[in-house]
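Report on the structure given below.
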Amino acid sequence: MVSSVAVLSDIHGVLPALEAVRTEPDAAAADVVVLCGDLAAGPLPRQTLDRLAALGEQAVWVRGNADRALVTSAGVPARLVEDP
């Protein structure tokens, strides 16, 4: 049973911001992390994707328009929601 969900979006490859958010108590305790797109295109795309991919099955990926090629090439696992 899922009791808490964190929703992250528009990270734009800013790894320090992602790390700051992930250390917030509510985000750190989430059972599921929904990643709502525009995650990687920015200053640290690969490092940001690696950090998010480490969430494994905890993550649900909804790719934004800027993420299509990066997420595909990174081989993102887990639950991936395709564009509607």
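The opening position of the sequence shown corresponds to residue 1 in full-length UniProt numbering, with each subsequent residue numbered one higher.
Built from N, CA and C at the ideal position, the CB exists for glycine as well.
Quick caveat, the model's predicted, so the values are computed rather than measured.
Suppose only complete runs of 3+ residues qualify. What are the beta strand (DSSP E) ranges in the UniProt domain "Calcineurin-like phosphoesterase" (5-67), listed by chain order?
Listed in chain order, they are 5-8, 32-35 and 59-62.
Compare the beta carbon distance of valine 60 and alanine 30 with 8 Å and say whether it is the shorter of the two.
no
If leucine 39 and leucine 52 are in contact, beta carbons under 8 Å, what's the gap, nearest whole angstrom?
6 Å
Residue from Val2, Ala20 and Val62 with nearest C-alpha to glycine 37:
Val62
Are there 16 or more other CB atoms within 10 angstroms of the CB of valine 7, so buried, or fewer, so exposed?
So valine 7 ends up on the exposed side.
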